[in-house]
Amino acid sequence: MPSVTPPNKPIRRAVAAALRRADGLTFAVKRPDEPGEELPGIWGLPAITLQEGETPEAGVRRLGAEKLSIELTPLRPLAAGEQEREEYLLHMTVYEASPGGEPTLPPSPAEATSTLYVDAGWLPIEAFRAAAEKGSLCCKLFLEASPMPPAAP
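Offset between the sequence shown (1-based) and the numbering used here: plus 2.
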């Protein structure tokens, strides 16, 4: 029987930023709950699609400026993986990053060119499990790379 090769899909490269505080909480953003939105209404890591020729580190810095209104310093890659989506193949790298202040969501411009988040906050690592189970690659990679805290007695 001949093998079936899926049609070639474009590759979309993206980075996500894991911002962690000393108290163990990680910064999370909520995606819009709108028709046509990928992973609507879920809480996850802030992420951005890389531009042509952009390095992952430059993407992390742009993510901070454009989506979190702060300077982000990429520290180290935590995990990388890929996922086939309906329209493209996603290549994702999750970076540990250091924020240069408290992240805040910028006001929504009239002509947004990327996903704008509707809420943000600091959450425990367990909060990312629901997004991973719904198909969030960055949350899945983050959980795989992060030690889970011990269960309460």
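For glycine and all other residues, C-beta sits at the position ideal for the given N, C-alpha and C.
Residue range of the unbroken alpha helix (DSSP H) whose run includes residue i
i, result
"Leu143", "Leu139 to Ala147"
"Ala18", "No alpha helix (DSSP H) contains Ala18, which is instead part of the beta strand (DSSP E) from Ile13 to Ala20."
8 angstroms Cβ cutoff met for residue i and residue j
i, j, result
"Pro108", "Ser138", "no"
"Leu47", "Lys136", "no"
"Ala18", "Ala67", "no"
"Leu74", "Pro101", "yes"
"Leu145", "Ala134", "yes"
"Leu77", "Gln85", "no"
Where residue i sits in the DSSP three-state scheme
i, result
"Pro58", "helix"
"Gly43", "coil"
"Arg87", "coil"
Residue i burial status per 10 Å Cβ neighbour count (16 or more: buried)
i, result
"Thr57", "exposed"
"Thr106", "exposed"
"Ala30", "buried"
"Glu98", "buried"
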